[in-house]
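**Student:** One structure follows; several queries about it will come next.
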Amino acid sequence: MDGYPLPQFVVAENFNLGKSDELGLILSVHDMPHNRLAAAFKVIKLASESDPSDRVEILREFRMRMVCEWLRWLAPVASADAVSAMAGYMSERLDGTAAVGLDHASAELAADVLARLSGNR
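Rendered as structure tokens:
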């Protein structure tokens, strides 16, 4: 993510890391929540454009559930219902995001979601 760095991950040479695995690494800890959430949105959006058409919705839903579970660990007071409802909001916002300016849009969505999660919106 341009302007929103994450720690470097090292994988074996010639290893093709799948999008869900990449998302799992991004969401593996809770430091830098804004950067991690923004990167997660970017991965989900890019994956949706490259996933096989017959599995795109299933994979996107699975990845969004990964984000929801991560958010629940980030804010334990948030109910499962509240975070699940937020999944629909996050998906709608991602659907309306173009590939051009994706880093900025993902960062903006991450800030919005974190603010909603903390009760500031």
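Under our numbering, the first residue of the sequence shown is numbered 18, with each subsequent residue one higher.
Glycine residues also receive a C-beta, built at the ideal position from the N, C-alpha and C atoms.
None of the values given here were measured: they were computed from a predicted structure.
On the premise that A115 lies in contact with F58, defined as a C-beta separation below 8 Å, what is that separation, rounded to the nearest angstrom?
**Tutor:** About 13 Å separates the two Cβ atoms, so there is no contact after all.
**Student:** Tell whether a beta-carbon distance below 8 Å holds between V44 and V94.
**Tutor:** Looking at the sequence provided, one finds Leu at residue 44 rather than Val. Not closer than 8 Å, so no.
**Student:** Along the alpha helix (DSSP H) that carries M81, what are the first and last residues, could you check?
**Tutor:** Where M81 is concerned, the enclosing alpha helix (DSSP H) stretches over 73 to 91.
**Student:** How would you call I61, buried or exposed, if buried means at least 16 neighbouring beta carbons within 10 angstroms?
**Tutor:** buried
**Student:** Could you say which of V28, D19, A64 lies nearest to S37 if we only look at CA atoms?
**Tutor:** Among V28, D19, A64, the Cα nearest to that of S37 is on A64.
**Student:** Can you tell me whether S101 is helix, strand or coil according to DSSP?
**Tutor:** helix
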